[in-house]
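Quick note: the sequence shown, position 30, residue 537 per the working numbering, numbers continuous. For each residue, glycine too, the CB sits at the ideal point set by N, CA and C. Read the structure below first, then the notes.
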Amino acid sequence: MQRKLTLLAIGLALAVSGLAFATAGANDTIKIEGGLISGTTADGVRSFKGIPFAAPPVGELRWKAPQPVAPWQGVRECNVFGAECPQSPYPAGSLYVSPPQKQSEDCLYLNVWTAAKSGDKLPVMVWIHGGGLTRGSGSTRAYDGARFAKKGVVLVTINYRLGPLGYLAHPDLTAESSNHSSGNYGVLDQIAALKWVRKNIAAFGGDINRVTIFGESAGSWSVNTLVASPLAKGLFQRAIGESGGAFGPMSYLKEDRGRLTSAEKIGVAFAKAAGADSLKALRAVPADKIVDIFNNDAEGKKFRTQPTVDGWVLPDEIRNIYAQGKQNSVPVIVGSNANEMSSLTVPASVPKTVDEYRKRTAAMYGKMMDAFEALYPTKSDADVAGAYLGGLRDATFTLQMRTWARMTTAGHQKAYLYFFSHVPPNPNSKYLGAYHAGEIAYVFNNLNRENSLLTDADQKLADMMTSYWVNFATTGDPNGKGLPAWSPYTSDGEPYLDLGDPVQLRNHLLKEQLDFQEQLQKHREEETTAASRK
508 MQRKLTLLAI GLALAVSGLA FATAGANDTI KIEGGLISGT TADGVRSFKG
558 IPFAAPPVGE LRWKAPQPVA PWQGVRECNV FGAECPQSPY PAGSLYVSPP
608 QKQSEDCLYL NVWTAAKSGD KLPVMVWIHG GGLTRGSGST RAYDGARFAK
658 KGVVLVTINY RLGPLGYLAH PDLTAESSNH SSGNYGVLDQ IAALKWVRKN
708 IAAFGGDINR VTIFGESAGS WSVNTLVASP LAKGLFQRAI GESGGAFGPM
758 SYLKEDRGRL TSAEKIGVAF AKAAGADSLK ALRAVPADKI VDIFNNDAEG
808 KKFRTQPTVD GWVLPDEIRN IYAQGKQNSV PVIVGSNANE MSSLTVPASV
858 PKTVDEYRKR TAAMYGKMMD AFEALYPTKS DADVAGAYLG GLRDATFTLQ
908 MRTWARMTTA GHQKAYLYFF SHVPPNPNSK YLGAYHAGEI AYVFNNLNRE
958 NSLLTDADQK LADMMTSYWV NFATTGDPNG KGLPAWSPYT SDGEPYLDLG
1008 DPVQLRNHLL KEQLDFQEQL QKHREEETTA ASRK
């Protein structure tokens, strides 16, 4: 089931602060580490697409930490997005299918939008895309940063290695690493992009001391990982997580829970499936075959894509790092959507009748079935889909985001919790509701103007959400003139902002349901631990 959800979902030292900032025009050039680049200007916003932030991770650099970019001569035109990293396709009929783009292992590129003038030091926001760590890119149309730029932000989107090319661990890879690490190449790409921002963003009018990382789904999970990683210390000052956290066990494996030894065993099995008996042979396997092997792993029984507790990028499980107060100390905005699972679950897999629902919950929740059904009740068949998907939503998303808020405040930093309940207009909106990723168009203020179902209320909400995000990136506080007040999360009242109709501050988000899910998670961990000792 977990694999199915992932496949369907899911559906991130040379200072140049003194470099000249060119005035807007058709032939703008900016000097960055590596050489001169040019971009394009439209409606007062300059964009630079396909800027390399690391050397192509090909050949001997496959499954190695990102390396520096080779300098170039002359002016490099940055008018076209770089290739997407090799990735799994979305299933046919998925809400998230987008037009096919060029894919290549030479994919470590980022994009910048800015409306800064000479001498400006504007807040910087770095977007880490979602896609289950198996698909996606920073060039998706929905992530166009022009409207953020018009609000006074320098907006950056990035690519990072995906699937087995980004997250494969293997004992031979660990042995060749000077850090005795493997499996976190996608995370290292994200860190390399942030280091690039640190060195170069001042040339675009950005303030290196006001960098906010933000992402959705796997991008939010990546933000969670970066906040936990000591390697990312000092590279950002604030963080925003939309629908994705990693506060449960990092793996459901009985041994080592996502730690290096168990991840390496998965890598050995993967190499065997690829017919490779050495690293040299494995690095010679074509990228499309690597992706195909991963895609053909039925039900995810062999291969998984997730960060690894390697002792270097992640010294421990993320929840343990937070519990010990060892995470990077930054304020956060975190939240999730009211109908996360509607677009992530195959409709045919959802029970249709009360009897079917009770059989399914009995199998899933065992002795805790009665408690579950009391919190997610079904009086008739019409209630079944909502109750079933509500339970999955809370276990997978809502609880994770509440935990993130709680653990941030325990570390003496502010957390602002939200719940996106507005239903984006869609021909299937009655079923989809406030679906997974539905908030992105509002955050980026990139509503589809061709959608005849859009209303003034949609545009008003988009304007508000962009303002909240920009205010937070600017000052660390999302509140601002003309916006409903948003109180930081505290244990007293547990306030959260309901981004719905209307936008309003509320308390105790799904408290009984989330408390139950928290107890259920602990119960399952105890069962897993007991079983592993037998």
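| Query | Result |
| --- | --- |
| Note down the Cα distance separating residue 749 from residue 597, rounded to an integer number of angstroms. | 20 Å |
| Here's the rule: buried if 16 or more other CB atoms are within 10 angstroms of the residue's CB, otherwise exposed. What is residue 680? | buried |
| Excluding sequence positions up to five away, which residues of its chain have a Cβ less than 8 Å from the Cβ of residue 1014? | 1000, 1001, 1002, 1003 |
| Thinking residue 633 and residue 663 are a contact (beta carbons under 8 Å), I'd like their distance in whole angstroms, please. | 5 Å |
| Please list the terminal residues of the continuous alpha helix (DSSP H) segment that includes residue 830. | 825 to 830 |
| What's the gap between the Cα of residue 604 and the Cα of residue 640? | 16 Å |
| Measure the alpha-carbon distance for residue 1008 versus residue 669 and round it to whole angstroms. | 37 Å |
| Hey, how far is the Cα of residue 853 from the Cα of residue 847? | 13 Å |
| Check whether the stretch 704 to 723 touches the stretch 977 to 992, counting contact only when three or more Cβ pairs, one atom from each stretch, lie closer than 8 Å. | yes |
| Please state whether DSSP places residue 954 in a helix, a strand or coil. | coil |
| How big is the Cα-Cα spacing for residue 949 and residue 790? | 41 Å |
| In the DSSP assignment, what are the bridge partners of residue 629? | 713 |
| Straight-line CA distance for residue 919 to residue 593? | 40 Å |
| Does residue 854 come out as helix, strand or coil in the three-state DSSP assignment? | helix |
| Kindly indicate which three-state DSSP category residue 570 falls into: helix, strand or coil? | coil |
| Going by alpha carbons, who is nearest to residue 725 out of 709, 740, 697? | 697 |
| Under 9 Å, do residue 934 and residue 892 count as touching if we go by C-beta distance? | no |
| Starting from residue 766, follow its DSSP beta bridges and name the residues at the other end. | 816 |
| Answer yes or no: do residue 665 and residue 710 have a C-beta to C-beta separation smaller than 9 Å? | no |
| For residue 568, I'd like the list of residues in its chain whose CB is within less than 7 Å of its CB, leaving aside the five on either flank, ordered along the chain. | 562, 574 |
| As a quick exercise: from 554, 671, 695, pick the residue whose alpha carbon is nearest that of residue 615. | 695 |
| Tell me which residues share the same chain as residue 930 and place their Cβ nearer than 7 Å to its Cβ, disregarding the 5 neighbours each side in the sequence. | 936, 940, 941 |
| Rounding to the nearest angstrom, what Cα-Cα distance links residue 743 and residue 722 in this structure? | 14 Å |
| Output the distance between the C-alpha atoms of residue 1044 and residue 1011, rounded to the nearest integer angstrom. | This structure leaves residue 1044 out entirely; the chain is present only between 508 and 1041. |
| Note the first and the last residue of the continuous beta strand (DSSP E) segment covering residue 897. | Residue 897 -> not in any beta strand (DSSP E); alpha helix (DSSP H) instead, spanning 891 to 900. |
| What residue range is occupied by the uninterrupted alpha helix (DSSP H) comprising residue 976? | 963 to 982 |
| First and last residue of the beta strand (DSSP E) that includes residue 618? | 616 to 621 |
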